Amino acid sequence: MPSTVEKSYESSDKLIVYTSKVSKYCIIAISYNRFEKYCLNPSITYRIPGAPEELEMGKAMIHLTRARKVLDIGTFTGASALAWSLELPADGKVISMDVTHESLNKAGLPILDAHPELRKKIDFKLGSAVDKLKSLVASGASGSFGFAFIDADKGNYSVYYDLCMELLAPGGALWDGEVVEPKDDSSKAIDAVNRKAAADSRVFNTLFNIGDGVHLIVKKH
Ligand SMILES: C[S@@+](CC[C@H](N)C(=O)[O-])C[C@H]1O[C@@H](n2cnc3c(N)ncnc32)[C@H](O)[C@@H]1O
7 MPSTVEKSYE SSDKLIVYTS KVSKYCIIAI SYNRFEKYCL NPSITYRIPG APEELEMGKA
67 MIHLTRARKV LDIGTFTGAS ALAWSLELPA DGKVISMDVT HESLNKAGLP ILDAHPELRK
127 KIDFKLGSAV DKLKSLVASG ASGSFGFAFI DADKGNYSVY YDLCMELLAP GGALWDGEVV
187 EPKDDSSKAI DAVNRKAAAD SRVFNTLFNI GDGVHLIVKK H
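In this text, residue positions in the sequence shown follow my numbering: the first is 7, and each later residue adds one.
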């Protein structure tokens with residue numbers, strides 16, 4: 007039987023459509039539909055922004071953990087970074103990283119430029135996320151982040167997991183953006199990090215049927 011877990015904007019499932027209608031997606035106020043429209047362009051490699059329900063759930067985690075600093079691994083258009091910035095206090099910071107800023111420049115920055123109060127909370131870093139995370143560790147930032155969202159190249163998920171565990175404070179939440187049955191190299195890499203978290207006594211972990219599946223991992227106190 008095919009999986010019924012999918013992002014709300016791709017779904018015709020009545021329950022998913024209903025729950026997404028009832029949920030209040032604050033990011034829509036900041037033009038989520040503009041991000042979606044950009045992503046419909048067939049020339050875009052990564053056409054998938056985080057689904058609104060995933061971004062809203064992440065925002066709830068930022069609120070619950072009272073995070074002041076957030077890691078956003080995989081910027082793409084900037085939609086997820088923007089969502090986290092909405093929930094952070096005025097002096098909060100999102101460190102968002104990507105190997106390209108093409109989609110950010112075309113889709114996210116024009117939206118953020120109209121919201122300087124959000125733009126100032128986001129530090130967009132260009133380059134390999136592994137290198138950027140290692141630099142943060144080297145700069146003494148270990149244990150200082152309250153929330154991390156992993157949503158980039160699947161082959162590096164295990165490395166991202168280890169580096170985020172180092173950078174997160176106890177009680178911090180790690181959010182791994184996709185869960186699928188292991189078939190190809192990407193889904194096998196996601197499955198491997200899911201099993202790694204499940205076997206890691208330093209964390210609580212649970213898989214949610216939200217969007218196309220989300221793994222929430224919380225570093226224990
Ligand atoms: C699924 S998209 C991210 C979506 C975004 N988080 C959102 O919610 O809109 C994945 C992104 O990861 C980036 N990426 C791929 N490999 C990377 C790497 N080694 N380091 C940093 N970013 C990478 C891609 O360029 C792409 O923009």
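C-beta: ideal position from N, C-alpha, C; glycine also. Computed from a predicted structure; not experimentally measured.
- The region 64-81 makes contact with the region 172-182, as at least three CB pairs between them are under 8 Å.
- Taking all protein chains in view, the Cβ of K225 is crowded by 16 or more other Cβ atoms within 10 Å, so the residue is classified as buried.
- For A158 and F82, the gap between their C-alpha atoms comes out near 9 Å.
- Rounded to the nearest whole angstrom, the CA to CA distance from M63 to A144 is 30 Å.
- Annotation for N200: H221 place their beta carbon closer than 6 Å to its own, counting only its chain and skipping 5 residues before and after.
- Within the DSSP secondary-structure output, N211 pairs in a beta bridge with I223.
- Residue environment: F130 is assigned as buried (16 or more neighbouring CB atoms within 10 Å of its CB, all protein chains considered).
- Residue side-chain check: S141 keeps its Cβ at 6 Å or more from all non-hydrogen atoms of ligand 1.
- If you look at L124, you'll find it in the alpha helix (DSSP H) that goes 122-125.
- C-alpha of K126 to C-alpha of I117: approximately 13 Å in a straight line.
- In this structure, M103 keeps its C-beta atom at 7 Å or more from the C-beta atom of K65.
- The continuous beta strand (DSSP E) containing D104 extends over residues 99-104.
- When C-alpha distances from T106 are compared across S134, S91, P122, the shortest belongs to S134.
- Taking 7 Å as the cut-off, the Cβ atoms of K160 and A195 count as close.
- At a threshold of 6 Å, D19 does not count as near ligand 1, since its beta carbon sits no closer than that to any of the ligand's heavy atoms.
- If you check the C-beta of A120 against ligand 1, you find no heavy atom less than 6 Å away.
- Going by DSSP, I156 is part of the beta strand (DSSP E) stretching over 151-156.
- As the crow flies, the alpha-carbon of S207 is around 12 Å from that of H227.
- A Cβ-Cβ separation of about 4 Å places L124 in contact with S91 under the 8 Å criterion.
- Contact between F153 and T71 holds, with the beta-carbon distance rounding to 6 Å and staying under 8 Å.
- In the DSSP annotation of this structure, the continuous segment of the beta strand (DSSP E) that includes K131 starts and ends at 128-132.
- For L94, there is no enclosing beta strand (DSSP E), as DSSP gives it neither H nor E.
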